[in-house]
Amino acid sequence: YAGEKYKPRHFVNCRTRGVTYLLQCECGSFYVGKTRLEFWKRMSKHLQSMRIGNLYLPVGRQEA
Numbered sequence: 054y055a056g057e058k059y060k061p062r063h064f065v066n067c068r069t070r071g072v073t074y075l076l077q078c079e080c081g082s083f084y085v086g087k088t089r090l091e092f093w094k095r096m097s098k099h100l101q102s103m104r105i106g107n108l109y110l111p112v113g114r115q116e117a
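Count along the sequence shown from 1, add 53, and you get the number used in the numbering used here.
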């Protein structure tokens, strides 16, 4: 995935639901997810998990 670029098939903004996304950590690990929530809400939850080090969620484990 590193360095590859993909163009969305449909218009996407922060309020779009059903977005498939990839988050990559500095360590090289990555997480692929698909939102049921609006995209901005899902990213907010990932950031919160990282801040508090929520070990039950993959993104939170990366920061712990």
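Yeah, the Cβ is synthetic: ideal placement off N, Cα and C, and Gly gets one too.
Model, not experiment: these values are computed from the prediction.
Your pair F83 and L75 checks out as a contact, with CB atoms roughly 6 Å apart and the cut at 8 Å. Between W93 and the set G106, C78 and G71, the nearest pair of CA atoms involves G71.
Under the three-state reduction of DSSP output, K87 falls in the strand class.
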